[in-house]
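Visitor:
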Amino acid sequence: MGNITTIAKRELSAYFASPVAYVFIVIFLLLTGFFTFMVGGFFERNEASLTAFFLWHPWLYLFLVPAVGMRLWSEERRQGTLELLMTMPITPWQAIVGKFVASWVFLGIALVLTFPIVMTVNYLGDPDNGIIVGGYVGSFMMAGAYLAITCLTSAITRNQVIAFIISVVVCLVLILAGWPPVTNFMTQMFPDTPSLVGFVASFSVMTHFEDFQRGVIDSRHLIFFLSVMGFSLFSTAVVLKSIRS
Amino acid sequence: MIKVENLVKTFGRKKAVDDVSFTVERGEILGFLGPNGAGKSTTMRMVTGFIPPTAGKVSVGGFDMLDNPVGAKKLIGYLPESAPSYPDMTVLGFLKFAAEIRGLSGAEKSKAIDRVIELCFLQNVIHQSVDTLSKGYKHRTCFAQSIVHDPDVLVMDEPTDGLDPNQKREIRNLIRRMGEKKAIIFSTHILEEVEAVCTRAMIIDRGKVVANGTPAELKAKSDLAGSVSLKVKGIGASVVRGKLDALNEVSKTTTVEETDGKVWVRAFPKDAPKNGEVSEAVARTAAAEKWDVVEVFTEQGRLDEVFWNITLSDTDQSELSKQKA
Ligand SMILES: Nc1ncnc2c1ncn2[C@@H]1O[C@H](COP(=O)(O)OP(=O)(O)O)[C@@H](O)[C@H]1O
Ligand SMILES: [Mg+2]
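Chains as they are written, first to last, in the working numbering: chain A, 5 to 249; chain B, 2 to 326.
(1) Suppose the cutoff is 6 Å on Cβ atoms and the five residues either side in sequence are ignored; what does the same chain contact list for A:THR157 look like?
(2) How is the beta strand (DSSP E) around B:THR256 delimited, first residue to last?
(3) For chain A, is any of its Cβ atoms less than 8 Å away from the one on B:PHE33?
(4) May I ask you to check if the CB of B:PHE12 is nearer than 7 Å to at least one heavy atom of ligand 1?
(5) Between which two residues does the alpha helix (DSSP H) holding A:ASP215 run?
(6) Mind listing, in chain order, the continuous beta strand (DSSP E) runs of no fewer than 3 residues lying wholly within the segment 16-98 of chain B?
(7) By the three-class DSSP mapping on this structure, what secondary structure does B:SER188 have?
(8) Within 8 Å, do at least three Cβ pairs link the segment 68-88 of chain B to the segment 152-163 of chain B?
(9) Ordered along the chain, which non-local residues of its own chain (more than five positions away) have a Cβ less than 6 Å from that of B:GLY180?
(10) Rounding to the nearest angstrom, what Cα-Cα distance links A:MET210 and A:PHE228 in this structure?
(11) Does the Cβ-Cβ distance between A:LEU64 and A:THR36 come in under 8 Å?
(12) What residues from the segment 77-90 of chain A come within 7 Å of chain B, judged by C-beta to C-beta, listed N to C?
(13) Flag this pair as yes or no: are the beta carbons of B:PHE187 and B:GLY38 separated by less than 8 Å?
(14) Taking the C-alpha atoms as reference points, what is the distance between B:GLU218 and B:ILE205?
(15) Count the other CB atoms within 10 Å of the CB of B:LYS41; is the residue buried (16 or more) or exposed (fewer)?
(16) Is it buried or exposed, A:LEU34, if we count other Cβ atoms within 10 angstroms and call 16 or more buried?
(17) Mapping DSSP to helix, strand and coil, what is A:VAL243?
(18) What does the alpha-carbon distance come out to for the pair B:GLU320 and B:ARG207?
(19) Touch check for the segment 198-206 of chain A and the segment 101-117 of chain A: three-plus C-beta pairs under 8 Å?
(20) Does the beta-carbon of B:LYS41, which I'm using as the reference point, lie nearer than 7 Å to any heavy atom of ligand 2?
(21) Restricting to Cα atoms, I'd like to know which of B:GLU101, B:ALA108, B:GLY262 is closest to A:ARG14.
(22) Output needed in chain order: residues of the segment 69-92 of chain B with a Cβ under 9 Å from some Cβ in chain A.
(23) Taking only beta-carbon atoms, is B:GLY13 less than 8 Å away from chain A?
(24) In this structure, what does DSSP give as the bridge partners for B:ALA212?
(25) Give the straight-line distance between the Cα atoms of B:GLU258 and B:LYS234, rounded to the nearest whole angstrom.
(26) Going by the DSSP bridge assignment, what does A:SER107 pair with across the sheet?
(27) Would you call the segment 132-142 of chain A in contact with the segment 216-226 of chain A, where contact means no fewer than 3 C-beta pairs closer than 8 Å?
(28) Please report the Cβ distance between B:VAL149 and B:VAL229, rounded to the nearest whole angstrom; I am assuming they are in contact, meaning their Cβ atoms lie under 8 Å.
(29) Can you pull the DSSP bridge partners for B:LYS244?
(30) I think B:GLU300 touches B:VAL279, with their Cβ atoms under 8 Å apart; what is that distance to the nearest whole Å?
(31) Between which two residues does the beta strand (DSSP E) holding B:PRO270 run?
(32) What do you reckon, is the C-beta of B:GLU82 under 7 Å from a heavy atom of ligand 2?
(33) State the CB to CB distance for the pair B:VAL71 and A:ILE94, rounded to an integer number of angstroms; the pair is presumed to be in contact (CB under 8 Å).
(34) Answer with yes or no whether the minimum CB distance from A:ARG14 to chain B is below 8 Å.
(35) Rounded to the nearest angstrom, what separates A:PHE213 and A:ALA18 at their Cα positions?
(36) Can you tell me whether B:ALA100 sits near ligand 1, meaning its C-beta is under 7 Å from at least one heavy atom of the ligand?
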């Protein structure tokens, strides 16, 4: 545990040591504002809820999370610090978890900084704050899943840009598998096998994020996101082991 | 402290390290000497647990590197060849991180950091970020990281590479001083470094250990080792060589120099020379022949000759086998 904390602390301070962290947070806040108020029709909905806010998170994260995570392992490899890290008296798993947790906390900080929107909606009306909490939990879990995938892709290559692109593609697939236009299309294509469409959609973050937005924190959805994280981080360990041999 | 048995590493079909064994005890400094691509770094990476060996065993302080990597790694300080460090951290931040991950905290940690900052002459740059440092400072920062926990075992891959002559000397002195209480391995392609620092040297070429011993022992293996030089006046080289060639103890002679009335002849011993045998015989002959002797001395082989002879002869052999094939 101590080692994980030490690794996470270093990683997190590395984020804030460069202006990139602040630029990222500003962009994140601007984009969430833009999507919520301009595209999502926050006011037009005329309801006291954050539906318009959470609706866009799967798409926002599609680019922002890979941008945060792409350097995690590719930089260690490129700078040669992987050799230092892996000869320190820690297990590879501690390093992987420590680095992941740091980036996840960073994303959490960005998410927490959207609190003015919660205050706004509470000021304007009388929203169900339980639903809002559910939305935040779901959003944070989804960010963790994207991040773990990025963790894996950044272990595969020394090149951050390649890690970014692969992550975006993988996360996009995880969105599209449950995106209504795609599922509707699939239902038309395979009208006889609704179970297939359901099966494909069950791998989508959209499917699992939906209930959270309604304020339902269902253990199945939590397990889905945690499984994506567990699987990706475990694969990261396998990749790191193979590049060291 | 360090025990390495029959270490092998293959990359694809290429054998980078081929059956290397050695032990290093506390108080010893083992130098790895070899040309680029010899397998020095690969060996060190296996000793420090960065990469697993294809075959063979590494144990450090009794901990097997495969069975108990964390236990073994606790005892080791490692300076990789490229001396990496996190570019976005300050020197102080980086050293704090290294100390913490080595289990130091509180006053002990600050003391350890102060100590390495002083040892590695980093006072002027502690608040500077690593990516703005010059190569020498960067190198010393990583060096400081490797000794912050005062490890029993120190593995350093080309620790003086890229330093200016003054820094080189300081680092060598530091290694020598630390070697009194630690088990140290370091690699280099600089020959004087081995002579200046090591208690033992291993010459590695194409993954194999081609020579192993104290710098003095390796020196003695050199071609010139034990040869006796004789400088005389007023006589021809051919006469001198004729008389010396006739001696039982002498295998052959060469003329090093022949200038106006002064000759310098070298007599090589047969087999392994016993101390002073050849020089005694040469001196006796010179006395009997009443030569006007200017100087007699025995050559101590130089390590770089040992080194180059071994690597060269191997190259010749592989060239030959290539031609045959
Ligand atoms: N990760 C690797 N993959 C493939 N070949 C490697 C790898 N690391 C080292 N080698 C090869 O192994 C040989 C030994 O390299 P190295 O140990 O770095 O030599 P040295 O440190 O003595 O210069 C070289 O021929 C090098 O090309
Ligand atoms: Mg090397």
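Virtual Cβ for every residue (Gly too), placed ideally from N, Cα, C. Fair warning: this is a prediction, and the values are worked out from it, not measured in the lab.
Guide: Reading off the structure:
(1) Position 153 of the first sequence, counting from 1, holds the residue named residue 157 of chain A. Closer than 6 Å at the Cβ level, and outside the excluded window around A:THR157, lie ALA167, ILE170, SER171.
(2) Residue mapping note: residue 256 of chain B aligns to position 255 of the second sequence, counting from 1. Counting along the chain, the beta strand (DSSP E) containing B:THR256 begins and ends at 251-260.
(3) Translated into the one-based positions of the second sequence, residue 33 of chain B becomes position 32. It does not; no Cβ of chain A falls within 8 Å.
(4) One-based indexing of the second sequence puts residue 12 of chain B at position 11. At least one heavy atom of ligand 1 is nearer than 7 Å to the Cβ of B:PHE12, so yes.
(5) To locate residue 215 of chain A, count along the first sequence from 1; it is residue 211. Counting along the chain, the alpha helix (DSSP H) containing A:ASP215 begins and ends at 209-217.
(6) 30-34, 56-61, 77-80
(7) By one-based count along the second sequence, residue 188 of chain B stands at place 187. B:SER188: strand per DSSP, three-state reduction.
(8) yes
(9) By 1-based counting over the second sequence, the position of residue 180 of chain B is 179. Cβ within range, chain order: ILE30.
(10) Counting from 1 along the first sequence, the entry for residue 210 of chain A is found at position 206. Counting from 1 along the first sequence, the entry for residue 228 of chain A is found at position 224. Their Cα atoms are separated by approximately 11 Å.
(11) Working through the first sequence from its first residue, we reach residue 64 of chain A at position 60. Working through the first sequence from its first residue, we reach residue 36 of chain A at position 32. Result yes, Cβ atoms of A:LEU64 and A:THR36 sit closer than 8 Å.
(12) GLN83, GLY84, THR85, GLU87, LEU88, MET90
(13) Taking the first residue of the second sequence as position 1, residue 187 of chain B is located at position 186. Taking the first residue of the second sequence as position 1, residue 38 of chain B is located at position 37. The answer is no: Cβ separation not under 8 Å.
(14) The residue you call residue 218 of chain B lines up with position 217 of the second sequence. The residue you call residue 205 of chain B lines up with position 204 of the second sequence. Answer to the nearest angstrom: the Cα atoms are 16 Å apart.
(15) As a working mapping, residue 41 of chain B is identified with position 40 in the second sequence. Buried, by the Cβ-count rule.
(16) Numbered from its first residue, the first sequence carries residue 34 of chain A at position 30. That one is exposed.
(17) Translated into positions along the first sequence, residue 243 of chain A becomes position 239. Here A:VAL243 sits in helix by DSSP.
(18) Here residue 320 of chain B corresponds to residue number 319 of the second sequence, with the count starting at 1. Here residue 207 of chain B corresponds to residue number 206 of the second sequence, with the count starting at 1. Model confidence at B:GLU320 stands at a pLDDT of 48, short of 50, so the residue's coordinates are unreliable; what they give is reported in the following sentence. When rounded, the distance between both Cα atoms is 14 Å.
(19) no
(20) Residue mapping note: residue 41 of chain B aligns to position 40 of the second sequence, counting from 1. Yes.
(21) As a working note, residue 14 of chain A is residue 10 in the first sequence. Residue B:GLU101 is the option with its Cα nearest to A:ARG14.
(22) PRO70, VAL71, GLY72, ALA73, LYS74, LYS75, LEU76, ILE77, TYR79, PRO81, GLU82, SER83, ALA84, PRO85, SER86, TYR87, PRO88, ASP89, MET90, THR91
(23) As a working mapping, residue 13 of chain B is identified with position 12 in the second sequence. No, because no Cβ of chain A sits closer than 8 Å to the Cβ of B:GLY13.
(24) Here residue 212 of chain B refers to the residue found at position 211 of the second sequence. B:ALA212 is bridged to B:ILE204.
(25) Locating residue 258 of chain B in the second sequence gives position 257, counting from the first residue. Locating residue 234 of chain B in the second sequence gives position 233, counting from the first residue. If I take the Cα positions, the gap works out to 12 Å.
(26) Translated into the one-based positions of the first sequence, residue 107 of chain A becomes position 103. Looking at the DSSP assignment, A:SER107 forms no beta bridge with any residue, so it has no partner.
(27) yes
(28) Within the second sequence, numbered from 1, the residue matching residue 149 of chain B stands at position 148. Within the second sequence, numbered from 1, the residue matching residue 229 of chain B stands at position 228. About 51 Å; that fails the 8 Å criterion.
(29) Translated into positions along the second sequence, residue 244 of chain B becomes position 243. B:LYS244 pairs with nothing; no bridge assigned.
(30) Working through the second sequence from its first residue, we reach residue 300 of chain B at position 299. Working through the second sequence from its first residue, we reach residue 279 of chain B at position 278. B:GLU300 to B:VAL279, Cβ: 10 Å. No contact.
(31) Your numbering for residue 270 of chain B matches position 269 in the second sequence. Unbroken beta strand (DSSP E) run through B:PRO270: 263-270.
(32) If you number the second sequence from 1, residue 82 of chain B lands on position 81. Yes, since a heavy atom of ligand 2 falls inside the 7 Å radius drawn around the Cβ of B:GLU82.
(33) Taking the first residue of the second sequence as 1, we reach residue 71 of chain B at position 70. Taking the first residue of the first sequence as 1, we reach residue 94 of chain A at position 90. With a Cβ gap of about 7 Å, B:VAL71 and A:ILE94 count as contacting.
(34) Here residue 14 of chain A refers to the residue found at position 10 of the first sequence. Yes, A:ARG14 lies at the interface with chain B (some Cβ there is under 8 Å from its Cβ).
(35) Indexing the first sequence from 1 puts residue 213 of chain A at position 209. Indexing the first sequence from 1 puts residue 18 of chain A at position 14. Between A:PHE213 and A:ALA18, the C-alpha separation is close to 30 Å.
(36) Looking up residue 100 of chain B in the second sequence gives position 99. Because no heavy atom of ligand 1 lies under 7 Å away, the Cβ of B:ALA100 does not count as near it: no.
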